[in-house]
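Below is one structure, written out as C-alpha cells; the observations come after it.
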Amino acid sequence: MKTLIAAILLFVLVNTRYFWETKVSVLLLPLTLLIAISGLIILLLTLRKAILFFRYKEKNNLAILLSLVLLLCLLIKYPEGIIDFRRFESPTTLKAYREGVGGGGDMLYLREDSTFIDRYVMFGIDEQKGRYRIANDTIFFNSDEIKLDYGLIDSVSIRCHLKGHPQGKEVFIYKIIKE
8 MKTLIAAILL
18 FVLVNTRYFW
28 ETKVSVLLLP
38 LTLLIAISGL
48 IILLLTLRKA
58 ILFFRYKEKN
68 NLAILLSLVL
78 LLCLLIKYPE
88 GIIDFRRFES
98 PTTLKAYREG
108 VGGGGDMLYL
118 REDSTFIDRY
128 VMFGIDEQKG
138 RYRIANDTIF
148 FNSDEIKLDY
158 GLIDSVSIRC
168 HLKGHPQGKE
178 VFIYKIIKE
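The numbering used here puts the first residue of the sequence shown at 8, with every later residue one more than the last.
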C-alpha cells in the first residue's frame, strides 16, 4: 500500500510540473533526479510485488498491483504529464532564442495577447512575464520584473537593451526562430 501511495504522489508531482517547475529555480535539477530515482525504486518494488503475486497467488494484492502497473505505464508514456497546459496559453506570434553560458539558454516568447515570457534555463528554470507593444521595428517591454527595456527587430534577430544601460548599447541578441 505504501508503494501505491508513493506512485500516486509521483504521478501527481509529474502531472503538475507545469505549475511548480519555475518556482523551485535552482532546485529543479536535484528534484528531477529525485523524481527519476523515485520512479525507478517504485518500478523495482512493483516488479517485486508482481513476482510475489505470481509465486504465491495472493488475490488481495491484484488491485494494488494493477494500479501500480497502470500508474507506471502512464508515467512512461507521458513523462511531461498527461495534460499539456501550455496549449491553454495564448498562441505564440514570435519566438527567439539566445544561447547562454554553460549550455544554458534564454527563450523569448511574444504572444498574440500582447504578453511575453522570457524563460531562462540553466540548472533551473526562471521565467519573467509582462506585456509588450510593437511600434515599427521596436518592441517595448513593460514589466517590473524583466530586465529588458526595448528591442530592435530585424529579419533574423532581436537586439535587446537592458533597463538602465546607456542608449545604443546592445546587451542581448536573440535569434528569431522560424517555425
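Ideal Cβ placement from N, Cα and C applies to all residues, glycine included.
Across the structure, F148 and C167 are spaced so that their CA atoms are roughly 10 Å apart. Straight-line measurement puts the Cα of L17 at about 30 Å from the Cα of Y116. Annotated three-state conformation of F26 is helix, per DSSP. Closest in C-alpha terms to V76, from the list A14, G171, V33, D161, comes A14. About 26 Å separates the CB atoms of T29 and I141; that is not less than 8 Å, and the two are not in contact. Linking L101 to Y85 through their CA atoms gives a straight-line distance of about 27 Å. Approximately 21 Å separates the beta-carbon atoms of R105 and S121; this is outside 8 Å, ruling out the contact.
The beta carbons of I183 and I165 sit closer together than 8 Å. Secondary structure remark: continuous beta strand (DSSP E) runs of at least 3 residues inside the segment 119-176, in chain order: 122-128, 132-142, 145-149, 155-160, 164-169.
The alpha-carbon separation between N68 and L54 amounts to approximately 13 Å.
DSSP places F61 inside the alpha helix (DSSP H), whose first and last residues are 35-63. Within the DSSP bridge table, the entry for Y104 names M114, K182 as partners.
Taking C-beta atoms as the reference points, L79 and K56 fail to come closer than 8 Å. For G46, the closest of L20, S97, V33 by C-alpha to C-alpha distance is L20.
Checking the DSSP bridge columns, you'll see T99 partnered with R118.
Here D125 is actually not in contact with D144; their C-beta atoms are around 19 Å apart, not less than 8 Å.
Counting along the chain, no alpha helix (DSSP H) covers V31, and no H or E run does either.
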